[in-house]
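Enquirer: Before I ask anything, let me first share the structure, which is written out below as structure tokens.
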Amino acid sequence: MNLVTKTLFARYQTAEDYAEANPLELESIIKSAGFYRMKAKSIKEMAAVLVSKFGGEVPDEMEDLLTLRGVARKTANVVLGTAYGKAEGVVVDTHVKRLSYRLGLTDETDPAKIERELMKLLPRKDWVFFGHSLIWHGRRVCFAISPNCPGCALNKFCPKRGV
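For the sequence shown, the working numbering assigns the number 4 to the initial residue and increments by one for each residue that follows.
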């Protein structure tokens, strides 16, 4: 989705713009992201709720965010932590899931359970930074296949589970 955001954000700036978007035009912009028809439908429905229920503004509470189509805890944690500076949980994406296991921080495979375990391990003030850090590390060093263990700053401490 990151590859289409420049065009998408240039065309639509407000929740109203997305809610009123022509579905075919929206689909054509996000087509390269995959599952474009379902994503376009989700975007339009989510935007319509933002307009009708939240005055076109992205809510700053977990419970409200979770009412939006396509928004689960991962996305809600990203929005709350990044946009609002609120640590309500730890973002658990594919990188955080993989690295939490490799680093020996959890044996869980379910993102919700991983998030709960990480929240117990870390001070709340570090939840947002930790998620972003593991995502960065997973994208640039600790790859799913062929991780760069020799070039890893954590190599000395990492149990390398599953590598």
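The beta-carbon is built from N, C-alpha and C at its ideal position, and this holds for glycine as well.
Keep in mind it's a predicted model, so treat the numbers as computed, not measured.
Roughly how far, in whole angstroms, is the beta-carbon of Val-131 from the beta-carbon of Cys-152, given that I think they are within contact range, below 8 Å?
Expert: With a Cβ gap of about 27 Å, Val-131 and Cys-152 do not count as contacting.
Enquirer: Cutting at 8 Å between CB atoms, please list the residues of its own chain near Leu-69, excluding the five before and the five after it.
Expert: Hits under 8 Å: Ala-75, Arg-76 and Ala-79.
Enquirer: Any idea if Ile-148 is buried or exposed, counting beta-carbon neighbours within 10 angstroms, 16 or more meaning buried?
Expert: When all chains shown are included, Ile-148 counts as exposed.
Enquirer: Compare the C-alpha of Gly-88 against each of Glu-64, Thr-109 and Glu-111 and name the closest.
Expert: Answer by Cα proximity: Glu-64.
Enquirer: What separation, rounded to the nearest whole angstrom, lies between the Cα atoms of Asp-96 and Asn-25?
Expert: Using only the alpha carbons, I get a separation of about 31 Å.
Enquirer: In chain order, what are the residue ranges of uninterrupted alpha helix (DSSP H) at least 4 long that sit wholly in the segment 30–114?
Expert: Listed in chain order, the complete alpha helix (DSSP H) runs (minimum 4 residues) inside the segment 30–114 are 39–57, 65–68, 76–81 and 97–105.
Enquirer: Given this structure, state the Cα-to-Cα distance separating Gly-73 from Arg-143, to the nearest angstrom.
Expert: Distance between the alpha carbons of Gly-73 and Arg-143: 27 Å.
Enquirer: From Ala-22 to Ile-46, what does the alpha carbon distance come to, in whole angstroms?
Expert: The straight-line gap from Cα to Cα measures roughly 8 Å.
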